[in-house]
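Here it is as structure tokens:
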């Protein structure tokens, strides 16, 4: 797991922490939160907002 940690920096360290502490089940939750965060940021841009709203 150390190669992942070196290759991805902070994200690799976070993955290593989740994997070593048996918290790997939280990875999908974090991924969903990140996706919604990106969607919120994109929705605040007036040029992209109409495309985001058609998804829902």
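Residue numbers (the working numbering): 488 to 543.
Here a beta-carbon is modelled for each residue, glycine too, at the ideal position from N, C-alpha and C.
With DSSP run on the structure shown, which of helix, strand or coil describes residue i?
| i | result |
| --- | --- |
| residue 507 | helix |
| residue 496 | coil |
| residue 535 | coil |
How long is the line joining the alpha carbons of residue i and residue j, rounded to whole angstroms?
| i | j | result |
| --- | --- | --- |
| residue 518 | residue 502 | 12 Å |
| residue 498 | residue 504 | 10 Å |
| residue 513 | residue 506 | 10 Å |
| residue 515 | residue 522 | 10 Å |
Could you round the C-beta distance between residue i and residue j to whole angstroms and report it? I think they count as a contact, below 8 Å.
| i | j | result |
| --- | --- | --- |
| residue 529 | residue 535 | 5 Å |
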